[in-house]
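In the numbering used here, the protein residues as written are 719 to 1232. Input: a single structure, listed below in structure tokens.
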């Protein structure tokens, strides 16, 4: 409710002190004073509102302090100016920073207790994030809906596209990672989810895209802390001056005023309706969520403390867990010899047979809203794939997919499901539509997984006869050895996202502003 303390404000009562913590801010008050002011005590116990306390001259200064830190839930309105949205977003941004930088991976890296694989996973995750920046800005310019912001992001795309090479590319012999391995490293599942989510925002939600970019760029406020952290990591892993280029990049961002420029776009009296704001805030939260989940993924790379094991793509048809971390969870039921397929159908049948799905997944029960969202995502993606289809067979199979998947569509993918990984899956299949053949391969896998592992799969169950045209199409696609490797790597990458969707209890907050 408006005027109450936010859920994220922590109030700790002790014998002689009351400590209030929110995001990166903290204040301690004498208990005697708090208990001498019943309205203040009620405010901190969430039984009184800001309106009740601010009317008291003895407590007005205290409430202004809390209000300045964004500790109160805002008053809801049917519409907001962009300037008001900037004020609303500031405390959310701070609270997300507090959660993000409290993750234990930072201390592991600082102290050197993280393995070399964790270190490299973190470094390459940052490289991937940088590699995405210019691409996302370009998507905003070329396809995005906000004409008044395109000029800014056009320059942003030109500023950012080369930074992954100049500043974040790994070139350190001490790390024993080749440049080719860096370029081909398969992104962490959450890194993939973040990249594809930001691409979708650039295309479909201009405000969500702007808030995400503003959140990312505003982290330059921690420049001094970052420099101390980099110094500690360099010492812990004996990689002197490794982060010099990272520091240079931060200075460039500061000198060019990237964060200020994004903030200035929000200094406007342009009106945004409440529903659009709620959608944009949820989408910005999802960007934060996937970035935070990437830190969990980095920690999962702690295997093989003494040897480097990277997430490399499948090469020459070899499936050797000791050569690529992409296979570390023992996806396949038994060691296999080199498997290079010249036909997409034989590749798909082999993959779904050999992949140890019973070990890979638990039996999952998804909320109905999630399956509805996925079903509608399939419908939207099928028309998008048809729009990218060029060959005779691709046009026919994508058209038949669109006809089949759209017959029972009742909702819109603009409404969000309960689980953030549902959005990651829909984003993945939407982004795969530029290659209709690979898109159909991933759609087939998703339908198989849901049919095998979701108890409420009837909402997405089509009979084998209805889906027979997918088998027939795959049988017509002939592959080169490189295409065979790439197709299987794509399936492995998508399977990681499906696993997250099936096995996690992550949830999108129902009210971001609270």
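Every residue gets a Cβ at the ideal spot worked out from N, C-alpha and C, and that includes glycine.
Is the stretch 894-901 in contact with the stretch 927-942, if contact means three or more CB pairs nearer than 8 Å? The stretch 894-901 makes no contact with the stretch 927-942, as fewer than three CB pairs between them are under 8 Å.
Minimum length 4: unbroken alpha helix (DSSP H) runs contained in the stretch 835-903: 865-878, 881-884 and 897-902
What do you reckon, are the CB atoms on residue 741 and residue 816 nearer than 8 Å? On the chain shown, position 23 is the one that residue 741 refers to. On the chain shown, position 98 is the one that residue 816 refers to. Against a cut-off of 8 Å, the Cβ pair of residue 816 and residue 741 comes out as a contact.
Since residue 762 and residue 785 are thought to touch, with beta carbons under 8 Å apart, how far apart are those beta carbons, to the nearest angstrom? The residue you call residue 762 lines up with position 44 of the chain shown. The residue you call residue 785 lines up with position 67 of the chain shown. Not quite, the Cβ-Cβ distance comes to about 14 Å (not below 8 Å), so this is no contact.
Look at residue 1032 and residue 1207 and say whether their C-beta atoms are less than 8 Å apart. Start at 1 with the first residue of the chain shown, and residue 1032 comes out as number 314. Start at 1 with the first residue of the chain shown, and residue 1207 comes out as number 489. Yes.
Counting Cβ pairs, one atom from each stretch, are 3 or more of them under 8 Å apart for the stretch 1061-1074 and the stretch 1104-1115? no
Residue burial classification, residue 861 (beta-carbon count within 10 angstroms, cutoff 16): Within the chain shown, the letter at position 143 stands for residue 861. Exposed, since its Cβ has fewer than 16 Cβ neighbours within 10 Å.
Residue of 956, 1093 and 1201 minimising C-alpha distance to residue 1058: In the chain shown, the residue the question calls residue 1058 occupies position 340. Closest option to residue 1058, Cα to Cα, is 1201.
Ignore the nearest five residues each way along the sequence and tell me which others in residue 796's own chain have a CB closer than 8 Å to its CB. Counting from one through the chain shown, the residue named residue 796 turns up at place 78. So the qualifying residues of the chain are 991 and 992.
Give the secondary structure of residue 1131 by DSSP, where H, G and I count as helix, E and B as strand, and everything else as coil. The sequence position of residue 1131 within the chain shown is 413, counting from 1. Any reading at residue 1131 is ruled out, since the residue's pLDDT is 49, under 50, leaving its predicted position unreliable.
If residue 998 sits next to residue 917, beta carbons under 8 Å apart, how far is it from one beta carbon to the other, in whole angstroms? For the purposes of this step, residue 998 is identified with residue 280 of the chain shown, where counting begins at 1. For the purposes of this step, residue 917 is identified with residue 199 of the chain shown, where counting begins at 1. Contact between residue 998 and residue 917 is absent: CB atoms are separated by about 16 Å, not below the 8 Å threshold.
Report the three-state DSSP secondary structure of residue 722 (helix, strand or coil). The sequence position of residue 722 within the chain shown is 4, counting from 1. Three-state result, residue 722: coil.
Compute the Euclidean distance between the alpha carbons of residue 1027 and residue 1195, then round it to the nearest angstrom. Translated into positions along the chain shown, residue 1027 becomes position 309. Translated into positions along the chain shown, residue 1195 becomes position 477. Answer to the nearest angstrom: the Cα atoms are 33 Å apart.
Going by Cα to Cα distance, which pick from 1006, 837 and 901 is closest to residue 911? Translated into positions along the chain shown, residue 911 becomes position 193. Closest by alpha carbon: 1006.
In its own chain, which residues sit with a C-beta less than 6 Å from the C-beta of residue 846, not counting the 5 before and 5 after it? Along the chain shown, one-based indexing puts residue 846 at 128. Hits under 6 Å: 905 and 909.
Collapsed DSSP secondary structure at residue 989 in the structure displayed: Here the question's residue 989 lines up with position 271 in the chain shown. Residue 989: strand per DSSP, three-state reduction.
Going by CA-CA distance only, name the one from 731, 827, 788 and 764 that's closest to residue 748. Here the question's residue 748 lines up with position 30 in the chain shown. The alpha carbon of residue 748 has as its nearest neighbour, out of 731, 827, 788 and 764, the alpha carbon of 731.
Pull up the distance between the alpha-carbon of residue 1042 and that of residue 1034, whole angstroms please. What you label residue 1042 is simply residue 324 of the chain shown in a count that begins at 1. What you label residue 1034 is simply residue 316 of the chain shown in a count that begins at 1. Rounded to whole angstroms, residue 1042 to residue 1034 spans 13 Å at the Cα level.
Could you please give me the residues that DSSP links to residue 735 through a beta bridge? One-based indexing of the chain shown puts residue 735 at position 17. BP columns for residue 735 point to 748.
When you compare the stretch 803-822 with the stretch 926-935, are there three or more beta-carbon pairs, one atom per stretch, that lie closer than 8 Å? yes
Nearest-angstrom Cα separation, counted from residue 1106 out to residue 1152: The count along the chain shown starts at 1 and reaches residue 1152 at position 434. The count along the chain shown starts at 1 and reaches residue 1106 at position 388. So the alpha carbons of these two residues sit roughly 6 Å apart.
So, for residue 878: in the same chain, excluding its five sequence neighbours on each side, which residues have a beta-carbon less than 8 Å away from its beta-carbon? On the chain shown, position 160 is the one that residue 878 refers to. Same-chain partners within the cutoff: 848, 851, 852 and 855.
Within 10 angstroms of its Cβ, does residue 783 collect 16 or more other Cβ (buried), or is it exposed? On the chain shown, residue 783 is found 65 positions in, with the first residue counted as 1. Exposed: under 16 other Cβ atoms inside 10 Å.
Can the beta-carbon of residue 723 be found closer than 8 Å to that of residue 790? Numbered from 1 along the chain shown, position 5 holds the residue referred to as residue 723. Numbered from 1 along the chain shown, position 72 holds the residue referred to as residue 790. A contact, by the Cβ cut-off of 8 Å.
Is the beta carbon of residue 968 less than 8 Å from the beta carbon of residue 944? The residue given as residue 968 occupies position 250 in the chain shown. The residue given as residue 944 occupies position 226 in the chain shown. Closer than 8 Å, so yes.
On the criterion of 16 or more Cβ atoms from any shown chain inside 10 Å, does residue 1299 qualify as buried, or is it exposed? Nothing in the structure corresponds to residue 1299, since the chain is present only between 719 and 1232.
To the nearest whole angstrom, what separates the beta carbons of residue 736 and residue 752, a pair I think is in contact under 8 Å? Here the question's residue 736 lines up with position 18 in the chain shown. Here the question's residue 752 lines up with position 34 in the chain shown. So it is a contact: roughly 5 Å between Cβ atoms.
Buried versus exposed call for residue 880 [16 or more other C-beta atoms within 10 Å across all chains shown]: Position 162 of the chain shown holds residue 880. Counting Cβ neighbours within 10 Å, residue 880 comes out exposed, since fewer than 16 surround it.
Is residue 959 helix, strand or coil by DSSP? Counting from one through the chain shown, the residue named residue 959 turns up at place 241. It is coil, neither helix nor strand.
State whether the stretch 951-966 contacts the stretch 977-985, with contact taken as three or more CB pairs (one from each stretch) at a distance under 8 Å. no
Buried or exposed by the 16-neighbour rule on C-beta atoms within 10 Å, applied to residue 1131: Here residue 1131 is taken as the residue at index 413 of the chain shown, counted from 1. The pLDDT assigned to residue 1131 is 49, lower than 50, so where the model puts this residue is not dependable, and the model offers no usable value.
Can you tell me whether DSSP reads residue 1009 as helix, strand or coil? Along the chain shown, read from residue 1 onward, the residue named residue 1009 stands at position 291. Residue 1009: helix per DSSP, three-state reduction.
For residue 671, report the span of its alpha helix (DSSP H) as first-last. The chain is shown from 719 up to 1232; residue 671 falls before or after that span and cannot be answered.
Among 900, 1102, 974 and 1139, whose alpha-carbon lies nearest the alpha-carbon of residue 1009? Walking along the chain shown from the start, residue 1009 turns up at place 291. Minimum Cα distance to residue 1009 is reached at 1139.
Residue 1037 - DSSP class collapsed to helix/strand/coil: On the chain shown, position 319 is the one that residue 1037 refers to. Note: residue 1037 maps to coil in three-state DSSP.
Limits of the unbroken alpha helix (DSSP H) element including residue 909: Sequence index remark: in the chain shown, residue 909 carries index 191 (1-based). First-last of the alpha helix (DSSP H) with residue 909: 907-922.
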